[in-house]
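Structure first, commentary second.
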Amino acid sequence: MLQQEIAIEVPKRTSRDEMNLAEFPLTLLSTRSNPNVKTLEFNDIIRTRDGEVINREWVITGADKFGLPTASDDEVLIGLLKLTVDQGMEDRRVYFTRYELLKTLQWTTEGRSYQRLQKALDRLSGVRIKATNAFYDNSSKSYSTVNFGIIDAYEINDARDSAMRDAAPSFFLWSEVLYNSFQVGYIKKLDLSFYLALQSAISKRLYRYLDKHFWYKSQIRISVFTLAHEKLGISRNYKYLSSLKQQLDPAIEELIANGFLAGAEYLGNGKDAEIVLVAARGKPRSLDKGDKATLRLAVNNDDAQQSAGPDMRTKVALALEDRGLKPQQIDRLLRDRSDLMLEKTARIIEHFDKLCSGNSRLVSRSPVGFLYRAVEVPENFHLPGEEPKKYQADLFKTEAEEEKVQKPTTEELKAKYLVERKREAKRLRGTVEDKVLQKVRAEVEVALARFKDNISPENFKEAVEHGVEERLLNLFAFPSFEEWIDRI
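Heads up: the sequence shown begins at 3 in the numbering used here, then just goes up one per residue.
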């Protein structure tokens, strides 16, 4: 009998991005530093939710000896964040081997790459940033003026040298300001494979900037000159709209071609020109096929004869999470699912991806909602080529029906938000490493120590557990109520 192969790609490599560093450039767009250029300056004007107008300024100076960071140093920065994530983000000091970092960055492991890496560390440890009203403090929810660095120190001990085999491991030390920003949760996930596979420095820079802002909204409207000069670091020698379009268009086209952007449109002329960038509905397609765990399942068209097993269940779960479903939803959906229904779920995910790539109206309003309803009862979902069932139409509401649904009140939304917050805290407790959890609990106990003698042991324990949950939620950037509202 004929069999068909289902392939679902599951990303394996996720890093983090510090969101202040995603807002303004840190590096040149070239791969070499011009010794005559020692300072970069960027600025913009924003209006807060309270109506306050803030002039932000971001000034970067490089060390005289090493110069300003270059485009490839941005990659190294993201690689260092990846190493930090892999070690639980529990310490400013992160131990590593250069070979490990080179493999993370997908660079070759020849001698030139080791030299290139050390030069990048020199530049990243020598650079200073003066952020005037431009460094967002996630603990106080306000902008501050800060002068800070990226790396305070690093030490390389060459394990390739037999005489150095017993030396202490290599390490780097994050600056205190930047590490504190990690700790208070002003970080976001970043698809490392997708980022590294982008072809140009402008594409990479634009991806990081947009990925930050698409977290809150699905489209961005911004001055072309502000985007190019202040956010991406394109030279101000490009003074005209036509020349800026020549710089921006290849990067925009690359992000559209690879599923991150749905489109872009220029509005207006001259210095008043703006650009609207629209997020794609689905997840970006990774360009690095070699870095994917691919779920491939040979399924008989008439009868599933091959057991899916626990590995299949895990891969389906990862595929659902990558497409926006929450872990607690996935656990509930797949808990008692049979092998046959796991196979049907895999087919549905494959069908969902095709709908997203084709911009189908079926997924235009709520892709995640469509997918959840589709896989909730997979036996009731009609795939192309299958016989439809009479109750299939219940999966899809018409726009008119959806508009009739009464919008929830603020109180109802707050209640839902608190439920989501509690669920996420519970999930984090079960997923973070024990040493991270122990460190967080110890910090909370120290912070609450002065209250210990004034309350009962039971109440103190309850206060500690609540504090642990709050710190975990901050550490892993759970959104505020206002941010959560913008995303639903």
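Where is the CB? At the ideal position from N, CA and C, for every residue including glycine.
Proximal residues to residue i (C-beta, below 6 Å), its chain only, five neighbours per side dropped
i: T63; result: T41 and R130
i: T106; result: G81 and K84
i: L198; result: Q108
i: I487; result: none
Extent of the continuous alpha helix (DSSP H) run through residue i
i: V466; result: P459 to L477
i: I258; result: L243 to A259
i: R100; result: R100 to L107
i: T347; result: D341 to S359
i: F184; result: E178 to Q185
i: L208; result: A203 to H215
i: I332; result: P329 to L336
i: A199; result: L194 to A199
i: A376; result: P369 to E378
Under the three-state DSSP convention, the category residue i falls into
i: T134; result: strand
i: E43; result: strand
i: E54; result: coil
i: E435; result: coil
i: I152; result: coil
i: T228; result: helix
i: E426; result: helix
First through last residue of the beta strand (DSSP E) which encompasses residue i
i: T86; result: Looking at the DSSP string, T86 is not in any beta strand (DSSP E); the run it does join, the alpha helix (DSSP H), is A73 to D88.
i: T16; result: T16 to E20
i: E267; result: L263 to L269
i: R223; result: Q221 to S225
i: D494; result: Residue 494 lies beyond the stretch modelled for the chain, which goes from 3 to 490, so this question has no answer here.
i: A65; result: Premise fails: A65 is in no beta strand (DSSP E) and is neither H nor E.
i: V365; result: V365 -> no beta strand (DSSP E), and no H or E assigned at all.
i: L279; result: E276 to A281
Selected residue, minimal CA-CA separation from residue i, among the options
i: N57; options: Y145, D76 and L357; result: Y145
i: R315; options: G326, L335, K328 and R325; result: L335
i: F262; options: N159, I332, L279 and A449; result: L279
i: P369; options: D455, S202, S220 and L192; result: S220
i: F227; options: A465, N22 and F44; result: F44
i: L243; options: I222, G270 and L234; result: G270
i: K132; options: L180, E112 and S172; result: L180
i: P252; options: A275, A203 and R223; result: A203
i: D46; options: S225, V148, S195 and L198; result: S225
i: R49; options: R18, A136 and A479; result: A136
i: P386; options: E445, V61, R363 and L357; result: L357
i: D160; options: S195, D193, Y209 and Y101; result: Y101
i: E276; options: A282, A264 and L250; result: L250
Same chain, Cβ closer than 7 Å to residue i, five either side skipped, listed in chain order
i: V186; result: N140, S141 and N476
i: L126; result: P71, D75, V78, L79, I152 and I153
i: E401; result: Note that E401 scores 44 on pLDDT, short of 50, meaning its location in the model is unreliable; the coordinates nonetheless yield the value given after this. Excluding positions up to five away in sequence, the list is empty.
i: E435; result: G90
i: Q201; result: E256
i: L212; result: I222 and L279
i: R95; result: F173 and L175
i: R429; result: P329 and Q330
i: E484; result: none
Buried versus exposed call for residue i [16 or more other C-beta atoms within 10 Å across all chains shown]
i: Q371; result: It is Gly, not Gln, that sits at residue 371 in the sequence shown. Classification for G371: exposed.
i: F383; result: buried
i: N260; result: buried
i: K346; result: buried
i: S458; result: exposed
i: D124; result: buried
i: T147; result: exposed
i: E460; result: exposed
i: L420; result: exposed
i: Y188; result: buried
Spatial neighbours of residue i in its chain, beta-carbon cut-off 8 Å, leaving aside the 5 residues before and after
i: S205; result: P252, A253, E256 and L257
i: F462; result: L450, F453 and K454
i: H215; result: I222
i: S115; result: L104 and W109
i: V438; result: G90, M91 and E92
i: L246; result: V226, F227, A230, I236 and Y240
i: Y209; result: F196, Y197, L200, L257 and F262
i: Y156; result: L123, S127, S172, F173, F174 and L175
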